[in-house]
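A quick write-up on the structure given underneath.
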Amino acid sequence: MDITRLFPPRPAVSKALWFLYGGDVTKTKGGYEAMAATAWGILSSGHQEGASPVLTACVSPAEVILGANHQQQMYCHLLYGLRRRDALDCICALYAAGLVRALRLLQFKWR
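Per the numbering used here, numbering of the sequence shown is gapless, rising by one per residue and ending at 360.
Laid out in structure tokens, this is it:
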């Protein structure tokens, strides 16, 4: 049986609980902005639609992704995922270790 027949994609919703971490954007002595590649993809203004496609697909706002405290970011990602669970189609991270850390945090904070 094809899984897409059981769970068809919902293009009107299709949001992801995406554990992305951009970190702080800092200025160098020469005046250049230094940031993670994730942050650049979110902050760059070269998108015709206005918002970044990555940010549009996430349930978490840019403030969570671009935060400075990794534990707080992860906790906020989980809270936004719970809050907007009806809109979620997937849960993803750049690396499997990110999902494991998020689930462990949820396990320890839930008690």
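C-beta atoms are modelled at their ideal positions from N, C-alpha and C, and glycine is treated no differently. Treat the numbers as computed from the prediction; the structure is a model and nothing was measured.
Limits of the unbroken beta strand (DSSP E) element including residue i
i: L269; result: Unbroken run through L269: none, as it is neither H nor E.
Beta-carbon separation (whole angstroms), residue i vs residue j, contact threshold 8 Å
i: Y270; j: I314; result: 7 Å
i: A351; j: L327; result: 6 Å
i: V274; j: L292; result: 7 Å
i: G279; j: A317; result: About 22 Å separates the two Cβ atoms, so there is no contact after all.
i: R333; j: K264; result: 7 Å
Same chain only: Cβ atoms within 6 Å of residue i, ignoring 5 sequence neighbours per side
i: I340; result: L266
Residue range of the alpha helix (DSSP H) that includes residue i
i: G290; result: A286 to L292
i: T253; result: I252 to L255
Spatial neighbours of residue i in its chain, beta-carbon cut-off 7 Å, leaving aside the 5 residues before and after
i: G347; result: F268
i: L304; result: I291 and A311
i: Y281; result: none
Residues of its chain near residue i, where Cβ-Cβ distance is below 8 Å and the 5 sequence neighbours each way are ignored
i: C325; result: S309, V313 and G316
i: Q322; result: Y270, V313, I314 and G316
i: A306; result: S263, K264, A265 and W267
i: L354; result: Q320, M323, Y324 and L327
Would you mind listing the alpha helix (DSSP H) stretches within the stretch 296-358 that are 4+ residues and don't spill past its ends, in chain order? Counting only runs of 4+ residues, the alpha helix (DSSP H) found wholly inside the stretch 296-358 occupies 302-306, 311-314 and 319-332, in chain order.
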